[in-house]
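J.: Protein chains in written order, with numbering that gives the first Met the number 0: chain A, 0 to 219; chain B, 0 to 219.
There are 2 protein chains.
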Amino acid sequence: MLKPKCNCPELERVDCRLENKELWDRFHELGTEMIITKTGRRMFPTVRCSFSGVELDARYVALMDIVPVDVKRYRYAYHRSSWLVAGKADAPAPVRLYMHPDAPFTGEQLRKQVVSFEKTKLTNNEMDKSGHIVLNSMHKYQPRIHLVKLRPDYHYNGNTPVINNVEYQQFRTFVFPETQFIAVTAYQNQLITKLKIDSNPFAKGFRDSSRLTDLERYEM
Amino acid sequence: MLKPKCNCPELERVDCRLENKELWDRFHELGTEMIITKTGRRMFPTVRCSFSGVELDARYVALMDIVPVDVKRYRYAYHRSSWLVAGKADAPAPVRLYMHPDAPFTGEQLRKQVVSFEKTKLTNNEMDKSGHIVLNSMHKYQPRIHLVKLRPDYHYNGNTPVINNVEYQQFRTFVFPETQFIAVTAYQNQLITKLKIDSNPFAKGFRDSSRLTDLERYEM
DNA sequence: GGGTTTCCACCTAGGTGATAAATT
DNA sequence: AATTTATCACCTAGGTGGAAACCC
């Protein structure tokens with residue numbers, strides 16, 4: 000279900016903005032890829048969003064899930080530098096709802112601060128027990144953000160509201176098409192690799208300026 | 000006020016255990032010192048405690064504060080390797096209540112997990128705006144742990160219950176005398192320095208085995 | 001001189017893509 | 001042949017005490 004939904008009139012007034020849209024756009028133009036590993040890999044770029052129109056004293060939970068865009072499997076044609084459809088999708092793993100670790104938020108907090116899903120991790124391990132989001136490699140996905148407005152009597156487990164299915168709550172879903180990506184176990188498009196290296200601080204060690212050739216090393 | 004207090008019969012049944020008492024005892028025997036800096040320094044050892052006798056479905060907040068043990072100022076006599084009273088205490092900074100960042104906890108969580116105050120930081124900067132605990136150097140202090148039972152209608156600011164004064168709440172205070180220490184800007188007792196180096200993983204670089212003498216370096 | 005601050009080398013902890021080996 | 005896994009060097013981020021400089 001890619002279409003944004005909302006089952007609560009008060010949430011119709013809420014707006015969600017993708018804070019780092021420019022960066023996502025640059026990846027999207029090339030065809031974003033996200034690495035998935037057995038132990039879980041962070042997404043880069045991170046989904047960072049801000050909310051307006053929320054009620055000051057209400058309490059909210061922000062969640063992310065990632066759903067298949069189509070029922071296709073893809074492969075990368077190196078000689079053509081493009082993605083091709085390789086067949087029908089594998090059986091999808093059950094979609095996991097990832098609750099933002101700082102949730103719940105008051106409306107006041109949501110108005111001030113950016114909600115960053117930097118800790119979200121992606122895995123290809125269907126047996127994963129760490130709560131990471133399980134995806135199939137070589138399949139195309141769409142992240143979604145859900146904002147749930149908590150009822151005052153909401154049942155808590157410590158800080159963590161028990162949200163099993165957003166359908167049962169007052170919620171609204173936001174979808175940013177520029178955050179679509181293909182899950183991979185190794186990067187396919189070299190331009191994506193380069194953009195990741197140039198924009199992710201943790202990959203700084205692979206940037207051109209910091210990688211000396213043997214000759215450069217010798218000349219020092 | 001060093002004496003443990005409790006204003007709530009249900010909390011009388013609660014017990015609090017200092018999980019790393021053995022380590023604290025080793026420091027206490029030598030006279031624990033804690034570094035304070037302008038930007039804030041973690042405590043080592045950390046106060047790690049577990050609670051039993053809490054109600055499964057109730058919600059609790061754990062807090063720490065650090066209060067003066069006496070109205071004295073101390074100095075360290077190197078030639079005697081001991082602490083001496085150096086006069087009357089300086090004017091104390093207002094005691095700051097440090098709420099555990101993971102609070103609130105359900106009783107269920109408290110029964111299972113250890114509450115670790117590892118992120119608590121100490122500072123000598125009276126103007127500190129980071130929420131660190133402000134202490135006077137060369138003064139003796141006693142950390143205290145407060146367990147507050149939240150009323151169901153408790154007013155929240157996001158995850159963070161607004162606790163201005165434990166006196167207004169249902170609370171119980173726990174005091175472990177072995178966690179007393181003298182605040183310092185530089186270690187005085189060399190035995191304390193050695194025990195810190197040997198027991199704090201972050202100080203591993205100063206352990207004997209990893210510190211080579213010039214001779215050892217030469218012989219490699 | 002006693003106490004404090006600053007800067008540093010050396011750690012812990014964990015996020016990167018490259019690479020080669022393993023798998024299918 | 002295509003894809004996945006394990007390991008690695010190289011980062012970010014930040015917690016240590018040492019040592020010298022700096023106060024007062």
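Beta carbons are placed, not taken as given, at the ideal position from N, Cα and C, and that holds for glycine. These numbers were taken from a predicted model, which means no experiment stands behind them.
Cα-Cα, which of B:25, B:8, B:58 and B:135 is closest to residue 190 of chain B?
T.: When each option's Cα is compared against that of residue 190 of chain B, the closest is B:25.
J.: At which residue ranges does the stretch 60-141 of chain B contain complete alpha helix (DSSP H) runs of 4 or more residues, listed in the order of the chain?
T.: Taking only runs of at least 4 residues, the alpha helix (DSSP H) segments lying wholly in the stretch 60-141 of chain B are 106-111.
J.: Is residue 147 of chain A closer than 8 Å to residue 62 of chain A when the C-beta atoms are compared?
T.: In contact: residue 62 of chain A and residue 147 of chain A (Cβ atoms closer than 8 Å).
J.: Just list the residues that DSSP pairs residue 33 of chain B with in beta bridges.
T.: Paired residue(s): B:182.
J.: Residues in its own chain within less than 8 Å of residue 69 of chain A by CB, not counting five upstream and five downstream?
T.: Cβ within range, chain order: 88 and 139.
J.: Residue 172 of chain B and residue 143 of chain B look like a contact to me (Cβ under 8 Å); what is the Cβ gap, rounded to whole Å?
T.: At roughly 6 Å, the Cβ-Cβ gap stays under 8 Å, so residue 172 of chain B and residue 143 of chain B are in contact.
J.: Taking DSSP as the reference, what is the three-state secondary structure of residue 4 of chain A?
T.: The answer is coil: DSSP assigns residue 4 of chain A none of H, G, I, E or B.
J.: Between the C-alpha atoms of residue 200 of chain A and residue 150 of chain A, what's the straight-line distance to the nearest angstrom?
T.: Going by the C-alpha atoms only, they are around 40 Å apart.
J.: Residue 197 of chain B by DSSP, collapsed to three states: which one?
T.: Reduced to three states, the DSSP call for residue 197 of chain B is helix.
J.: With the cut-off set at 8 Å, would you say residue 203 of chain A and residue 43 of chain A are in Cβ contact?
T.: The answer is no: Cβ separation not under 8 Å.
J.: Let me make sure I understand the geometry here. Which of B:82, B:106, B:64 and B:10 has the alpha-carbon closest to that of residue 56 of chain B?
T.: The shortest Cα separation from residue 56 of chain B among B:82, B:106, B:64 and B:10 belongs to B:106.
J.: State the DSSP-derived secondary structure class of residue 169 of chain A, mapped to helix, strand or coil.
T.: Three-state DSSP puts residue 169 of chain A in a strand.
J.: Alpha carbon to alpha carbon, how far is residue 137 of chain B from residue 4 of chain B?
T.: Distance between the alpha carbons of residue 137 of chain B and residue 4 of chain B: 27 Å.
J.: Restricting to Cα atoms, I'd like to know which of A:33, A:179, A:75 and A:58 is closest to residue 9 of chain A.
T.: Considering only alpha carbons, the answer is A:58.
J.: Might you give, ordered along the chain, the residues of its own chain that have their beta carbon closer than 8 Å to the beta carbon of residue 76 of chain B, omitting 5 neighbours on each side?
T.: Correct list, in chain order: 82 and 83.
J.: Can residue 39 of chain A and residue 99 of chain A be called in contact, C-beta distance under 8 Å?
T.: Result no, Cβ atoms of residue 39 of chain A and residue 99 of chain A do not sit closer than 8 Å.
J.: Go to residue 175 of chain B, then tell me how far its beta strand (DSSP E) extends in each direction, as first and last residue.
T.: Here residue 175 of chain B belongs to no beta strand (DSSP E), and DSSP marks it neither H nor E.
J.: Start and end of the beta strand (DSSP E) containing residue 14 of chain B?
T.: Element bounds for residue 14 of chain B: 14-17.
J.: Let me know if residue 114 of chain A comes out buried or exposed under the rule of 16 or more other beta-carbons within 10 Å of its beta-carbon.
T.: The residue is buried, with at least 16 neighbouring Cβ atoms inside 10 Å.
J.: Rounding to the nearest angstrom, what Cα-Cα distance links residue 91 of chain A and residue 135 of chain A in this structure?
T.: Distance between the alpha carbons of residue 91 of chain A and residue 135 of chain A is about 7 Å.
J.: On the premise that residue 47 of chain B lies in contact with residue 19 of chain B, defined as a C-beta separation below 8 Å, what is that separation, rounded to the nearest angstrom?
T.: Right, their Cβ atoms sit about 5 Å apart.
J.: Let's see if you can read the secondary structure: which residues bound the beta strand (DSSP E) around residue 47 of chain B?
T.: It spans 47-51 - the beta strand (DSSP E) in which residue 47 of chain B sits, taken as one unbroken run.
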